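Residues in the sequence shown are numbered from 1 upward in steps of one, following UniProt numbering. Beta carbons: idealized from backbone N, C-alpha and C, even for Gly. Keep in mind it's a predicted model, so treat the numbers as computed, not measured. Since the structure comes first, as structure tokens, the remarks are kept for the end.
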Amino acid sequence: MSIVTRHLFGPGPTNPYPEATEGLARPLLGHLDPAFIEIMDETCDRLRQAWGTSNARTLPLSATGSAGMEAAFVNTVHPGDVVVVAVNGLFGQRMCDVAARCGAEVVAVEHPWGSPVDPERVLAAHPSPAIVAAVHAETSTGVRSDIAALGEAVRSATDALLVVDAVTSIGGLELRADEWGIDVGYAGTQKCLGVAPGLAPFTIGERAFARRVERPQSWYLDLGLLGGYVGEAGAKAGGSGGRTYHHTAPVAMVSSLHAGLGRVLDEGLENVWARHAAAGAALQDGLEAMGLELFAEKGSRLPDLTTVRVPDGVDSAAVRRTLLERYDIEIGAGVGEFASSVWRIGLMGPNARPAAVRLILGALSEALDEARGGSASGD
Ligand SMILES: *Cc1c(COP(=O)(O)O)cnc(C)c1O
Numbered sequence: 001m002s003i004v005t006r007h008l009f010g011p012g013p014t015n016p017y018p019e020a021t022e023g024l025a026r027p028l029l030g031h032l033d034p035a036f037i038e039i040m041d042e043t044c045d046r047l048r049q050a051w052g053t054s055n056a057r058t059l060p061l062s063a064t065g066s067a068g069m070e071a072a073f074v075n076t077v078h079p080g081d082v083v084v085v086a087v088n089g090l091f092g093q094r095m096c097d098v099a100a101r102c103g104a105e106v107v108a109v110e111h112p113w114g115s116p117v118d119p120e121r122v123l124a125a126h127p128s129p130a131i132v133a134a135v136h137a138e139t140s141t142g143v144r145s146d147i148a149a150l151g152e153a154v155r156s157a158t159d160a161l162l163v164v165d166a167v168t169s170i171g172g173l174e175l176r177a178d179e180w181g182i183d184v185g186y187a188g189t190q191k192c193l194g195v196a197p198g199l200a201p202f203t204i205g206e207r208a209f210a211r212r213v214e215r216p217q218s219w220y221l222d223l224g225l226l227g228g229y230v231g232e233a234g235a236k237a238g239g240s241g242g243r244t245y246h247h248t249a250p251v252a253m254v255s256s257l258h259a260g261l262g263r264v265l266d267e268g269l270e271n272v273w274a275r276h277a278a279a280g281a282a283l284q285d286g287l288e289a290m291g292l293e294l295f296a297e298k299g300s301r302l303p304d305l306t307t308v309r310v311p312d313g314v315d316s317a318a319v320r321r322t323l324l325e326r327y328d329i330e331i332g333a334g335v336g337e338f339a340s341s342v343w344r345i346g347l348m349g350p351n352a353r354p355a356a357v358r359l360i361l362g363a364l365s366e367a368l369d370e371a372r373g374g375s376a377s378g379d
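As structure tokens, then:
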């Protein structure tokens, strides 16, 4: 198959920022080369800005977003701990599975798919949980939950740690980890940060780190050991070169993330959020103008990931195939029981712009006409 440039308008990965792609192509450095250590340190600084945190322990884990989820729970769940998980989609369900495997007594607070998390219901689920966990941007349903409100509720009523999945929010929508009381957060690179998949931006505050599991089951994701990898040990010893070998840093991916974050911060976080908000609103207006029905609850729709109902009688997979084969456009199917009744359209990172909105609306309109038996265009 010849290599073409796809328009990645699905739930991730998105097309990377050009700066991120250039970062991948730089001459490879050794993972303990001082020049790379500088890049790693700057990457951690840039991640602190993207997270809205001053947490010293903020780093890119060497694996995708799901490893961030694993790291969050494997380092904080002591056997038998009650973990209350707000579930309003696939990733909340995955949190339950991961936390249970870490030995948690999981209390899942189920919400209808398409609705945001309700802090009151989450709080009512248990009087004294060790951890409360929620997904900020549910990519499976296109819903944004109010983490500021959840954080405030959790802080005011319990001593629980707040674990938040920010995979589809970081670099795309307002995220203020410290202000919102997020104790542990994990994210991914391939969604709004506009970098290829492969790293999990991670942050953990002092309170959570102090309560961590001393010798977690996972050696690779042990945050105690990872401190040396990003230089915490060196900083403490007051020396340079205090970096210890834990695993080989994915040098090219870190360089790419460094460059992608540089691009995002140059544009300005608030500008980037506004750009995603504008693109999402234009897409959602355009879809409704075409007579399509949006899936996520009004008022809680993600700008960067739009869920839209497949019209009755239209073959969901056939439309996606037409988009891919004729227009080089990828969009996502739905998830779970909505697999064939919902499409998921992402406008993330460099794709959050008017040209992408026009492209997807035009192509979808033609593909829909064809699916409904109208005249085929193209061939
Ligand atoms: C994509 C995603 C994940 C998983 O990340 P991977 O990089 O696929 O491992 C977790 N949570 C949310 C909300 C996501 O969108």
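(Q) Going by beta-carbon coordinates alone, are residue 60 and residue 260 separated by less than 8 Å? (A) In the sequence shown, counting from the first residue as 1, residue 60 sits at position 60. In the sequence shown, counting from the first residue as 1, residue 260 sits at position 260. Against a cut-off of 8 Å, the Cβ pair of residue 260 and residue 60 comes out as no contact.
Q. Taking 7 Å as the cut-off, does the CB of residue 156 come closer than this to any heavy atom belonging to ligand 1?
A. Against the sequence shown, residue 156 aligns to sequence position 156. Answer for residue 156: no, Cβ out of range of ligand 1.
Q. Once you ignore the five residues that flank residue 290 on each side, which residues in its own chain have a CB closer than 8 Å to its CB?
A. Counting from one through the sequence shown, the residue named residue 290 turns up at place 290. Same-chain partners within the cutoff: 361, 364, 365, 368.
(Q) Quick check on DSSP: helix, strand or coil for residue 307? (A) Taking the sequence shown and counting its residues from 1, one reaches residue 307 at position 307. DSSP places residue 307 in strand when its eight states are reduced to three.
Q) Should residue 207 be labelled buried (16 or more other beta-carbon atoms within 10 Å of its own) or exposed? A) Your numbering for residue 207 matches position 207 in the sequence shown. With fewer than 16 Cβ atoms within 10 Å of its Cβ, residue 207 is classed as exposed.
Q | Chain-order list of residues whose beta-carbon lies under 7 Å from that of residue 230 (same chain, five-residue window excluded) | A | The residue given as residue 230 occupies position 230 in the sequence shown. Hits under 7 Å: 40, 44, 59.
Q: Could you check the C-alpha separation between residue 221 and residue 37 for me, to the nearest Å?
A: As a working note, residue 221 is residue 221 in the sequence shown. As a working note, residue 37 is residue 37 in the sequence shown. Taking the straight line joining both Cα atoms gives about 20 Å.
Q | residue 137 Cβ short of 7 Å to ligand 1 heavy atom set | A | By 1-based counting over the sequence shown, the position of residue 137 is 137. Distances from the CB of residue 137 to the heavy atoms of ligand 1 include at least one below 7 Å.
Q.
Give me the residue from 31, 141, 133, 194 with the minimum Cα distance to residue 184.
A. Within the sequence shown, the letter at position 184 stands for residue 184. Among 31, 141, 133, 194, the Cα nearest to that of residue 184 belongs to 133.
Q) Which class does residue 267 belong to by DSSP, given the choice of helix, strand or coil? A) In the sequence shown, counting from the first residue as 1, residue 267 sits at position 267. It is helical.
Q: Return the chain-ordered list of same chain residues with a C-beta closer than 7 Å to the C-beta of residue 22, the five sequence neighbours on each side being excluded.
A: Here the question's residue 22 lines up with position 22 in the sequence shown. Answer for residue 22: 259, listed in chain order.
Q.
At the level of alpha carbons, what is the spacing between residue 128 and residue 78?
A. By one-based count along the sequence shown, residue 128 stands at place 128. By one-based count along the sequence shown, residue 78 stands at place 78. About 15 Å.
**Q.** Proximity of residue 137 and residue 168 at Cβ, strictly below 8 Å
**A.** Taking the sequence shown and counting its residues from 1, the one referred to as residue 137 is at position 137. Taking the sequence shown and counting its residues from 1, the one referred to as residue 168 is at position 168. Closer than 8 Å, so yes.
Q: Please go through the stretch 105-152 and give each complete alpha helix (DSSP H) segment of 4 or more residues, from N-terminal end onward.
A: 119-124
(Q) Quick test of your reading: residue 348 and residue 89, contact by CB under 8 Å. State the CB separation rounded to the nearest angstrom. (A) For this step, residue 348 is matched to residue 348 along the sequence shown. For this step, residue 89 is matched to residue 89 along the sequence shown. With a Cβ gap of about 17 Å, residue 348 and residue 89 do not count as contacting.
(Q) Could you check whether the stretch 64-73 touches the stretch 189-205, counting it as contact only if at least three pairs of C-beta atoms, one from each stretch, sit closer than 8 Å? (A) Yes: the two stretches touch, three or more of their Cβ pairs being nearer than 8 Å.
Q. Should residue 262 and residue 19 be called a contact, given that it needs their Cβ atoms to be closer than 8 Å?
A. As a first step, residue 262 is located in the sequence shown; it is residue number 262 there, counting from the start. As a first step, residue 19 is located in the sequence shown; it is residue number 19 there, counting from the start. The answer is yes: Cβ separation under 8 Å.
(Q) Any heavy atom of ligand 1 inside 7 Å of the beta-carbon of residue 91? (A) Within the sequence shown, residue 91 is the residue found at index 91, counting from 1. Answer for residue 91: yes, Cβ within range of ligand 1.
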